[in-house]
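Q:
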Amino acid sequence: MNAEQERLIDLETKVAYQDATIEQLNEMVTQLGHQVAKQAEQIRLLAERVKAMPQAQVADSSEESPPPHY
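Residue numbers for the sequence shown follow numbering that gives the first Met the number 0, so the first one is 0 and each next one is one higher.
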């Protein structure tokens with residue numbers, strides 16, 4: 000096998016590994032995108048619940064007593 004053939008095989012091997020890595024990264028990005036969308040929806044729902052709470056249930060920070068370690 001001459002040097003050009005070895006070089007070509009080496010390059011083809013590297014491209015194959017890069018393709019596999021790109022596919023794995025694409026799957027990870029897709030999964031993370033789904034997780035971010037799910038978390039954004041959860042945050043939206045929590046924000047709605049907080050807004051729907053009567054003001055009497057949401058204590059003003061000035062009304063709260065300091066924690067015991069103060």
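In this text, a Cβ means the ideal position worked out from N, Cα and C, and glycines have one as well.
1) Classify E63 as helix, strand or coil using the three-state DSSP reduction.
2) Could you compute how far the alpha carbon of T12 sits from the alpha carbon of Q23?
3) Looking at the structure shown, is N25 part of a helix, part of a strand, or coil, going by DSSP?
4) In three-state terms, what does DSSP make of H68?
A: Let me spell this out:
1) In the structure shown, E63 sits in coil (DSSP, three-state: anything other than H, G, I, E or B).
2) Distance between the alpha carbons of T12 and Q23: 17 Å.
3) Here N25 sits in helix by DSSP.
4) Three-state DSSP puts H68 in coil, outside helix and strand.
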